[in-house]
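K.L.:
Supplied in structure tokens, the structure appears directly below.
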Amino acid sequence: MKDRILITGGAGFVGSHLADQLLQAGYNVRVLDNLTPQVHETNDWPDYLDKRVEKLRGDVQDMDAVTQALEDVDAVFHLAAAVGVGQSMYEICHYTQTNNVGTAVLLEAIAKKPVKKLVVASSMSLYGEGAYLDESGNTVFPHERSPEELKKSNWDPRLNGQVLRPIATDENKLPAPSSVYALSKYDQEKLCLMVGEAYNIPTTALRFFNIYGPRQALSNPYTGVLAIFSSRYLNDRAPVIFEDGQQRRDFVSVHDIAQACVKALESDAANGQVFNIGSGNNYSILELAEKVAAQLGKSHLTPEVCGEYRVGDIRHCFGDISKAEKLLGYRPQVSLEQGLDELAQWLQKQSANDRVDSMRSELSSRGLSR
């Protein structure tokens with residue numbers, strides 16, 4: 418019989434797809450999830466979760482729930498987290514308790530009952546600004562953009578007045594988190610790697626880039642940008658784009674994320690390592706909005722480029738995935754065009770509560786968008 422795998426946050430978007438791939442590979446799967454209403458509107462187990470999954474309702478901050486979930490478990494995927502850059506800047510306690518304290522509780526429990534492998538979901542957000550080339554072709558890492566420059570709509574980072582060109586960011590860049598969320602993800606990663614080494618538990622951190630695909634929480638205005646755009650289009654409203662829409666990101670299919678997770682589980686070369694997991698391509702936010710509109714037949718809804726900026730946002734960051742390709746044998750299988758086509762087909766059967774305006778009001782009232 419194959420190993421039993423625990424997925425914290427396993428009823429969510431990424432966790433449910435990972436469960437599918439693990440079951441297909443012959444593993445037994447248990448999930449621990451608190452079914453938070455911001456993600457699960459019905460506050461109940463989602464229909465898309467495979468019936469073979471063993472379901473435990475509980476919070477990673479609850480030692481009793483975590484201890485029960487770890488019973489007879491061979492490996493753990495730690496995906497449970499509060500997600501959202503903007504919201505994290507005012508729900509500071511919630512994000513820190515869920516992400517930092519929740520991880521600490523899990524690690525204390527694992528230290529008492531060590532597992533064969535721990536894989537933690539980290540985030541590209543911990544990099545802050547990505548890597549750039551200066552005019553001489555040197556790789557540079559500019560500081561966080563200042564409020565003064567942002568107020569002037571000088572969106573792109575400069576170094577000594579030089580215009581910089583964004584390039585793919587590899588794992589050697591020093592983290593420079595610019596939001597509470599990003600800092601909490603870095604803390605999750607470091608805690609897991611540190612405790613894993615101390616207790617001789619093989620541990621891997623996967624720095625996910627911008628994930629999209631079926632089962633995203635469409636009514637959560639703090640989740641991935643592609644889900645937010647989809648929610649707006651489903652309600653026949655144009656998406657709202659901050660800054661000038663030219664900021665560039667790597668958008669990766671949830672199927673490729675799940676593939677990378679399984680490879681990390683099964684690879685000894687992954688032990689003690691961090692990996693960027695993305696598509697290896699990058700697109701501007703405005704370009705993405707237009708692609709989604711075309712897929713959904715909503716091209717008449719011109720994106721609203723609002724010229725505002727959000728505290729904690731970065732300009733450009735997309736990933737160099739060569740390390741994962743070399744050590745894990747990771748190869749993205751889903752192109753953006755294929756992924757958007759699948760997403761569009763799924764969206765045809767979905768509805769969404771558009772909460773973008775309330776999110777903007779919340780951020781604006783707190784001085785977090787300007």
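Numbering-wise (this note's numbering), the sequence shown opens with residue 418 and increments by one.
For glycine and all other residues, C-beta sits at the position ideal for the given N, C-alpha and C.
Would you call the CB atoms of L713 and Y650 closer than 7 angstroms?
P.N.:
Cβ atoms of L713 and Y650: closer than 7 angstroms.
K.L.:
Can you give the beta carbon distance from L635 to A769, rounded, assuming they're within the 8 angstroms contact cut?
P.N.:
Rounded, the Cβ-Cβ distance is 4 angstroms, consistent with contact.
K.L.:
Between the C-alpha atoms of P574 and Y726, what's the straight-line distance to the nearest angstrom?
P.N.:
Cα to Cα, the separation comes out at about 14 angstroms.
K.L.:
Could you tell me if R447 is buried or exposed, where buried requires 16 or more neighbouring beta carbons within 10 angstroms of its beta carbon?
P.N.:
Classification for R447: buried.
K.L.:
Starting from F646, follow the alpha helix (DSSP H) in both directions and report where the run begins and ends.
P.N.:
V642 to L651 is the span of the alpha helix (DSSP H), which, as asked, contains F646.
K.L.:
Using CA coordinates, which residue listed in Y549, L780, L753 and A761 is at the minimum distance from I628?
P.N.:
When each option's Cα is compared against that of I628, the closest is L753.
K.L.:
Beta strand (DSSP E) containing F430: first to last residue?
P.N.:
F430 -> not in any beta strand (DSSP E); alpha helix (DSSP H) instead, spanning F430 to Q441.
K.L.:
Give the range of the beta strand (DSSP E) segment to which L623 is assigned.
P.N.:
It spans T620 to F625 - the beta strand (DSSP E) in which L623 sits, taken as one unbroken run.
K.L.:
Output the distance between the C-alpha atoms of S542 and E561, rounded to the nearest integer angstrom.
P.N.:
Taking the straight line joining both Cα atoms gives about 13 angstroms.
K.L.:
Pop quiz: H495 and T515 are said to be a contact at Cβ under 8 angstroms. What is the actual Cβ separation, rounded to whole angstroms?
P.N.:
At roughly 12 angstroms, the Cβ-Cβ gap does not stay under 8 angstroms, so H495 and T515 are not in contact.
K.L.:
When you compare the CB positions of T586 and G736, do they come within less than 7 angstroms of one another, or not?
P.N.:
Yes, the pair counts as a contact, with Cβ atoms nearer than the cut-off.
K.L.:
Considering only residues of the region 419-499, which uninterrupted alpha helix (DSSP H) runs meet the minimum length of 4 residues and lie entirely inside it, listed in chain order?
P.N.:
Runs of the alpha helix (DSSP H) inside the region 419-499: 430-441 and 480-486.
K.L.:
How long is the line joining the alpha carbons of S781 and P531, rounded to whole angstroms?
P.N.:
Distance between the alpha carbons of S781 and P531: 45 angstroms.
K.L.:
With a threshold of 8 angstroms, are at least 3 pairs of Cβ atoms found where one atom belongs to the region 522-538 and the other to the region 486-494?
P.N.:
These segments touch.
K.L.:
Hey, would you say L610 sits closer than 7 angstroms to T620, going by beta carbons?
P.N.:
Their beta carbons are under 7 angstroms apart, which means L610 touches T620 by this criterion.
K.L.:
Cutting at 7 angstroms between CB atoms, please list the residues of its own chain near G426, excluding the five before and the five after it.
P.N.:
For G426, where only same-chain residues beyond five positions count, the Cβ hits under 7 angstroms are G432, D450, L496, A497 and A498.
K.L.:
For M480, count neighbouring Cβ atoms within 10 angstroms of its own Cβ and tell me buried if that reaches 16, exposed if not.
P.N.:
It counts as exposed.
K.L.:
Alpha carbon to alpha carbon, what distance is there between E552 and N652?
P.N.:
Cα to Cα, the separation comes out at about 44 angstroms.
K.L.:
Less than 8 angstroms between the CB atoms is what I'm expecting for R732 and S701, so what's the real figure, rounded?
P.N.:
That belief does not hold up - the Cβ atoms of R732 and S701 are roughly 11 angstroms apart, past 8 angstroms.
K.L.:
Assuming Y465 contacts R632 (C-beta within less than 8 angstroms), just tell me the rounded distance between them.
P.N.:
Indeed they touch by this definition, with Cβ atoms about 6 angstroms apart.
K.L.:
If contacts are defined as beta-carbon pairs under 8 angstroms, then V691 and E588 qualify, I think. What distance do you get, rounded to the angstrom?
P.N.:
Right, their Cβ atoms sit about 5 angstroms apart.
K.L.:
Using three-state DSSP, classify C734 as helix, strand or coil.
P.N.:
It is a strand residue.
K.L.:
Counting C-beta neighbours from all protein chains within 10 Å, is the total for S648 16 or more, i.e. buried, or is it exposed?
P.N.:
Buried, since its Cβ has 16 or more Cβ neighbours within 10 Å.
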